[in-house]
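Engineer: Below is one structure. I have some questions about it.
Protein chains: 2
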Amino acid sequence: MTKINIKYLAEKLKMAPSTVSRALNDSYEISEATKAKVMALAKELNYQPNPYARSLRAHKSRTIGVIIPERINNFFAQVIDGIEEITQQYGYHLLVYNSHEDVEQEKKIISYLLGGRVDAIVMSVSSQTSSTEHLEQVQKQGIPIIFFDRIAQDMPTTKFITNDYQSGFDATRHLIKNGCRKIYFLLLSKEITIGKERLRGYLDAIKGSDLPFKEEWVIQCSQDEKQNMELFKSFLYPMDRPDGILSSVEKLAITAYHAIKQTRLSIPKDIKLITFSNMKIADLLNPPLTTISQPAHEIGRQCAKLLMNNLTKTKQIPIEDKVITIPSVLQIRSSSEP
Amino acid sequence: MTKINIKYLAEKLKMAPSTVSRALNDSYEISEATKAKVMALAKELNYQPNPYARSLRAHKSRTIGVIIPERINNFFAQVIDGIEEITQQYGYHLLVYNSHEDVEQEKKIISYLLGGRVDAIVMSVSSQTSSTEHLEQVQKQGIPIIFFDRIAQDMPTTKFITNDYQSGFDATRHLIKNGCRKIYFLLLSKEITIGKERLRGYLDAIKGSDLPFKEEWVIQCSQDEKQNMELFKSFLYPMDRPDGILSSVEKLAITAYHAIKQTRLSIPKDIKLITFSNMKIADLLNPPLTTISQPAHEIGRQCAKLLMNNLTKTKQIPIEDKVITIPSVLQIRSSSEP
DNA sequence: TTGTAAGCGTTATCAG
DNA sequence: CTGATAACGCTTACAA
Chain X
1 MTKINIKYLA EKLKMAPSTV SRALNDSYEI SEATKAKVMA LAKELNYQPN PYARSLRAHK
61 SRTIGVIIPE RINNFFAQVI DGIEEITQQY GYHLLVYNSH EDVEQEKKII SYLLGGRVDA
121 IVMSVSSQTS STEHLEQVQK QGIPIIFFDR IAQDMPTTKF ITNDYQSGFD ATRHLIKNGC
181 RKIYFLLLSK EITIGKERLR GYLDAIKGSD LPFKEEWVIQ CSQDEKQNME LFKSFLYPMD
241 RPDGILSSVE KLAITAYHAI KQTRLSIPKD IKLITFSNMK IADLLNPPLT TISQPAHEIG
301 RQCAKLLMNN LTKTKQIPIE DKVITIPSVL QIRSSSEP
Chain C
1 MTKINIKYLA EKLKMAPSTV SRALNDSYEI SEATKAKVMA LAKELNYQPN PYARSLRAHK
61 SRTIGVIIPE RINNFFAQVI DGIEEITQQY GYHLLVYNSH EDVEQEKKII SYLLGGRVDA
121 IVMSVSSQTS STEHLEQVQK QGIPIIFFDR IAQDMPTTKF ITNDYQSGFD ATRHLIKNGC
181 RKIYFLLLSK EITIGKERLR GYLDAIKGSD LPFKEEWVIQ CSQDEKQNME LFKSFLYPMD
241 RPDGILSSVE KLAITAYHAI KQTRLSIPKD IKLITFSNMK IADLLNPPLT TISQPAHEIG
301 RQCAKLLMNN LTKTKQIPIE DKVITIPSVL QIRSSSEP
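Protein chains in written order, with UniProt numbering: chain X, 1 to 338; chain C, 1 to 338.
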């Protein structure tokens, strides 16, 4: 419980605290001799500056807030790894929060962060988030906030996404080309942009084909796995079941896999399946799962670079209002082939 | 960029800052009328207290540091979710760091945290960590540090593990019972305790059987996936290959799956496989993978509860020097059955 | 080149 | 019940 602070070092060295501070910060106005002495003692006593005193003084916390809707998901884990890779080079720290796809939780987290605990926020909104009032608050406080994947489309800031429309379109075309005539689309929520864009791609692909289309083919899923399971089974059992499924998020595809197995249908013979997913072992599944995988790590890196450029450079680089698209990759595997 | 602080509120209300502070903290020595007025304005102006000023004053940050060796791993993600579930009830925040299985990185992270940025640390050490000098520093500073899964055995603190020995033993017995005569053990590192304990269980199971045993059956793996792949193939191709594999960590099992597929061997006919893993979709693999899965979420919760009890209670509950074991579950699936 | 003093936003202590 | 003041540890004008 030692409290080695600048004052203590100053006493030991018989210098003024300010001198010690300057020496530690390698100020040009301190002699090399003094610097050496200070550094030596600091090292010996393992002095660590109090970050909160610094933050209070500088109005900077060297901390970034990261908010994700789900932690047990490779995509988000990879993004955070990407963010951390960059931020730690600048000595920044990461406060990470899981909103659990819950807007109320999200609002609570945001309100914590409003007090200046973080210098910036990078987030993916929950699937329930429709209003962005709480997010605008953040900007009003002058805290930069940027989005990735699940973006708040109308907010004037930089948003990173992948080519959701194109990917949804390509995946659907791929299913059609492989003989699917009745393709369902699994949607987590209409609120979130990625859902909308991926859906739009799907719809356009269907419309551009000779397939009919029915509203019911777009399946609104819930957050509850069991409910989804019942829902899926309910449309898998009847004779007029789908022969293709495009899932907009990994979680739903997993449930679909299970539902299909339970109904004794076969992938890909009876039903072909594609999902957006960043899982590492899609090729080990039975059958190997066709995925649209996002450049998660790179998204994280770019988010962080943008923020670091804005926060740490002397000539501050502004955060523009724009959407940056980093393309996904359609990895074709057996689950979608004849 | 408004700076709504206590002083500002005090001016507006024509009160002293200390009164405002007390009112906001619902002090008993403030009249209800005053409280109401203060609260009202605070709400109206969306006042948020500056956490750093508070931390500086109170020598408490309401922040916990979490260090894990790997982020893209369900086990660690689940543990963090468990930690967060508890800590957020107490208004605590989580700084999360990934050591990437690198001791040097781990040391760097620890040194950041030494300045009082966090009130406590909960961590799983990297597979390279043999010396615990840097970890002892933390304790010397009076910062509580507890461990889970990859523990620093000799440090006087609470460590959460699962029944690694028993699980290793049971899994090996299960393989033997199912006809394996030559079982390899995949080890990430001899340094880490879980490796040692799981290995000890394996060894005792072999010794207690009529099987011979050779040193070479314990495979020292590296951090590099490609190297491991080559290594695995090198012992899979020969005629005297193993007919069973027990992997002490998920990552190695995945590589083994790939290696086995590439060598055209069949699981479980040619080789049976079991791994420690918390993946959600083990049953969707081809073949479904037998796993020893840990109560990750519960481990996280217990870690957090221990810390919260120590940090937030008026009669501080000490962190004892002991090991708490929460049992894992052997989930038998096709990969290990005849 | 070094020392003095003020202040970042809060809260605890002491007075009134 | 409320107000003035000091202090947490650090940095930065300003002074020497």
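All residues carry an ideal CB built from backbone N, CA and C; glycine is no exception. Since the model is a prediction, treat every value here as computed from it, not as a measurement.
At what residues does the alpha helix (DSSP H) containing X:Lys196 begin and finish?
Structural biologist: Taking the first sequence and counting its residues from 1, one reaches residue 196 of chain X at position 196. X:Lys196 -> alpha helix (DSSP H) spans 193-207.
Engineer: Under the assumption that C:Glu104 contacts C:Glu70 (Cβ atoms under 8 Å), give the Cβ distance between them as a whole number of angstroms.
Structural biologist: Here residue 104 of chain C refers to the residue found at position 104 of the second sequence. Here residue 70 of chain C refers to the residue found at position 70 of the second sequence. Their Cβ separation, rounded to whole angstroms, is 16 Å, which puts C:Glu104 and C:Glu70 out of contact at 8 Å.
Engineer: Identify whether C:Asn278 lies in helix, strand or coil by the three-state DSSP scheme.
Structural biologist: What you label residue 278 of chain C is simply residue 278 of the second sequence in a count that begins at 1. Coil at C:Asn278, not helix or strand.
Engineer: Closest Cβ-Cβ distance between C:Ser111 and chain X: below 9 Å?
Structural biologist: Against the second sequence, residue 111 of chain C aligns to sequence position 111. Chain X, which has a Cβ nearer than 9 Å to the Cβ of C:Ser111, makes this yes.
Engineer: Output the distance between the C-alpha atoms of X:Glu337 and X:Ile292, rounded to the nearest integer angstrom.
Structural biologist: Numbered from 1 along the first sequence, position 337 holds the residue referred to as residue 337 of chain X. Numbered from 1 along the first sequence, position 292 holds the residue referred to as residue 292 of chain X. Rounded to the nearest angstrom, the two C-alpha atoms are 15 Å apart.
Engineer: Considering only C-alpha positions, which residue in the set C:Asn286, C:Asn309, C:Lys315, C:Thr314 is nearest to C:Ser334?
Structural biologist: Sequence index remark: in the second sequence, residue 334 of chain C carries index 334 (1-based). Closest option to C:Ser334, Cα to Cα, is C:Asn286.
Engineer: Throw me the rounded Cβ distance for the X:Thr157 and X:Phe147 pair, which I believe falls under 8 Å.
Structural biologist: Locating residue 157 of chain X in the first sequence gives position 157, counting from the first residue. Locating residue 147 of chain X in the first sequence gives position 147, counting from the first residue. Rounded to whole angstroms, the Cβ separation of X:Thr157 and X:Phe147 is 7 Å, and the two are in contact under 8 Å.
Engineer: Can you find the residues in the same chain that come closer than 6 Å, C-beta to C-beta, to X:Gln128, ignoring five residues on each side of it along the sequence?
Structural biologist: As a first step, residue 128 of chain X must be located in the first sequence, where it is residue number 128. These residues qualify, in order along the chain: Val103.
Engineer: Please list the segments of the alpha helix (DSSP H) lying wholly inside the UniProt domain "HTH lacI-type" (4-58) of chain C, counting only runs of 4 or more residues, in order along the chain.
Structural biologist: 6-13, 17-24, 32-44, 51-58
Engineer: Taking its Cβ as the centre, do 16 or more other Cβ atoms sit within 10 Å of X:Asn73, making it buried, or is it exposed?
Structural biologist: Mapped onto the first sequence, residue 73 of chain X falls at position 73. Classification for X:Asn73: buried.
Engineer: Taking the alpha-carbon of X:Glu320 as reference, which of X:Pro327, X:Gln331, X:Cys303 has the nearest alpha-carbon?
Structural biologist: The count along the first sequence starts at 1 and reaches residue 320 of chain X at position 320. Taking only the C-alpha atoms, the option nearest X:Glu320 is X:Cys303.
Engineer: Going by other Cβ atoms of all chains shown within 10 Å of its Cβ, with 16 needed for buried, is C:Lys3 buried or exposed?
Structural biologist: The residue you call residue 3 of chain C lines up with position 3 of the second sequence. Classified as exposed, C:Lys3 has fewer than 16 neighbouring CB atoms from the shown chains inside 10 Å of its CB.
Engineer: Where does X:Gln316 sit, in a helix, a strand or coil, going by DSSP?
Structural biologist: As a working note, residue 316 of chain X is residue 316 in the first sequence. It is coil, neither helix nor strand.
Engineer: Tell me the rounded alpha-carbon separation between C:Met123 and C:Ser167.
Structural biologist: To locate residue 123 of chain C, count along the second sequence from 1; it is residue 123. To locate residue 167 of chain C, count along the second sequence from 1; it is residue 167. If you take the alpha carbons of C:Met123 and C:Ser167, they lie about 22 Å apart.
Engineer: Hey, quick one: how far does the beta strand (DSSP E) through X:Ser247 stretch, first residue to last?
Structural biologist: Along the first sequence, read from residue 1 onward, the residue named residue 247 of chain X stands at position 247. Segment 244-247, the beta strand (DSSP E) holding X:Ser247.
Engineer: Go through its chain and collect everything with a Cβ distance to X:Ile260's Cβ below 7 Å, but skip five positions before and after it.
Structural biologist: Translated into positions along the first sequence, residue 260 of chain X becomes position 260. Only Leu236, Ile267, Ile271 meet the Cβ criterion.
Engineer: For a quick check, are the C-beta atoms of C:Ala282 and C:Phe76 less than 9 Å apart?
Structural biologist: Taking the second sequence and counting its residues from 1, the one referred to as residue 282 of chain C is at position 282. Taking the second sequence and counting its residues from 1, the one referred to as residue 76 of chain C is at position 76. No, the pair does not count as a contact, with Cβ atoms beyond the cut-off.
Engineer: Apply the 10 Å Cβ neighbour rule to C:Leu45 and answer buried if 16 or more other Cβ atoms are within range, or exposed otherwise.
Structural biologist: Numbered from 1 along the second sequence, position 45 holds the residue referred to as residue 45 of chain C. Classification of C:Leu45: exposed, given that the 10 Å Cβ count is below 16.
Engineer: In the structure shown, what three-state DSSP assignment does X:Asn228 receive?
Structural biologist: Translated into positions along the first sequence, residue 228 of chain X becomes position 228. Helix at X:Asn228.
Engineer: Which residue's Cα is closest to the Cα of X:Lys159: X:Ile145, X:Tyr165, X:Val329, X:Thr172?
Structural biologist: For the purposes of this step, residue 159 of chain X is taken as the residue at position 159 of the first sequence. Ranking X:Ile145, X:Tyr165, X:Val329, X:Thr172 by Cα distance to X:Lys159 puts X:Ile145 first.
Engineer: So which of X:Ile324, X:Ile317, X:Lys313, X:Ser328 has the shortest CA-CA distance to X:Tyr90?
Structural biologist: On the first sequence, residue 90 of chain X is found 90 positions in, with the first residue counted as 1. Among X:Ile324, X:Ile317, X:Lys313, X:Ser328, the Cα nearest to that of X:Tyr90 is on X:Lys313.
Engineer: Report yes if the C-beta distance between C:Ile299 and C:Val79 is below 9 Å; otherwise report no.
Structural biologist: For the purposes of this step, residue 299 of chain C is identified with residue 299 of the second sequence, where counting begins at 1. For the purposes of this step, residue 79 of chain C is identified with residue 79 of the second sequence, where counting begins at 1. Yes, Cβ-Cβ distance for C:Ile299 and C:Val79 is below 9 Å.
Engineer: Within 10 angstroms of the Cβ of C:Glu84, are there 16 or more other Cβ atoms? Answer buried if so, exposed if not.
Structural biologist: Locating residue 84 of chain C in the second sequence gives position 84, where the first residue counts as 1. Its Cβ being crowded by 16 or more others within 10 Å, C:Glu84 is buried.
Engineer: Just list the alpha helix (DSSP H) runs in the segment 77-127 of chain C, keeping only unbroken ones of 4 residues or longer that don't cross its boundaries, in chain order.
Structural biologist: List check, alpha helix (DSSP H) in window: 103-113.
Engineer: Taking the C-alpha atoms as reference points, what is the distance between C:His59 and X:Tyr165?
Structural biologist: As a working note, residue 59 of chain C is residue 59 in the second sequence. As a working note, residue 165 of chain X is residue 165 in the first sequence. Distance between the alpha carbons of C:His59 and X:Tyr165: 50 Å.
Engineer: Tell me whether the beta-carbon of C:Leu307 lies closer than 9 Å to the beta-carbon of C:Thr87.
Structural biologist: Along the second sequence, read from residue 1 onward, the residue named residue 307 of chain C stands at position 307. Along the second sequence, read from residue 1 onward, the residue named residue 87 of chain C stands at position 87. Taking 9 Å as the Cβ cut-off, C:Leu307 and C:Thr87 qualify as a contacting pair.
Engineer: Put C:Ser328 into one of helix, strand or coil per three-state DSSP.
Structural biologist: Within the second sequence, numbered from 1, the residue matching residue 328 of chain C stands at position 328. Coil.
Engineer: Which partner residues of C:Ser334 appear in the DSSP bridge assignment?
Structural biologist: Stepping through the second sequence from its first residue, residue 334 of chain C is reached at position 334. Paired residue(s): none; C:Ser334 is not in a bridge.
Engineer: Taking buried to mean at least 16 other C-beta atoms within 10 Å of its own C-beta, is C:Ala42 buried or exposed?
Structural biologist: Numbered from its first residue, the second sequence carries residue 42 of chain C at position 42. Under this definition C:Ala42 is a buried residue.
Engineer: Inspect the CB distances between the segment 47-54 of chain X and the segment 49-64 of chain C and report whether three or more fall short of 8 Å.
Structural biologist: yes
Engineer: Closest by CA to X:Met279, which one among C:Arg264, C:Gln294, C:Ile254, C:Leu265?
Structural biologist: The residue you call residue 279 of chain X lines up with position 279 of the first sequence. Taking only the C-alpha atoms, the option nearest X:Met279 is C:Ile254.
Engineer: Would you give the residue range spanned by the alpha helix (DSSP H) that C:Thr172 belongs to?
Structural biologist: Within the second sequence, the letter at position 172 stands for residue 172 of chain C. Taken as a continuous stretch (DSSP letters only), the alpha helix (DSSP H) holding C:Thr172 covers 164-177.
Engineer: Compute the Euclidean distance between the alpha carbons of C:Gln153 and C:Thr193, then round it to the nearest angstrom.
Structural biologist: As a first step, residue 153 of chain C is located in the second sequence; it is residue number 153 there, counting from the start. As a first step, residue 193 of chain C is located in the second sequence; it is residue number 193 there, counting from the start. If I take the Cα positions, the gap works out to 7 Å.
Engineer: Label X:Ala33 either buried or exposed according to how many other C-beta atoms from any shown protein chain fall within 10 Å of its C-beta, with 16 as the threshold for buried.
Structural biologist: To locate residue 33 of chain X, count along the first sequence from 1; it is residue 33. Exposed, by the Cβ-count rule.
Engineer: How far does the beta strand (DSSP E) with C:Thr63 in it extend, from its first residue to its last?
Structural biologist: Indexing the second sequence from 1 puts residue 63 of chain C at position 63. Element bounds for C:Thr63: 63-68.
Engineer: Taking C-beta pairs closer than 9 Å, name the residues in chain X that C:Pro285 reaches, listed in chain order.
Structural biologist: The residue labelled residue 285 of chain C in the question sits at position 285 within the second sequence. Checking the sequence shown, residue 285 of chain C turns out to be Leu, not Pro. Within 9 Å Cβ-Cβ: Ile281, Leu284, Leu285, Asn286.
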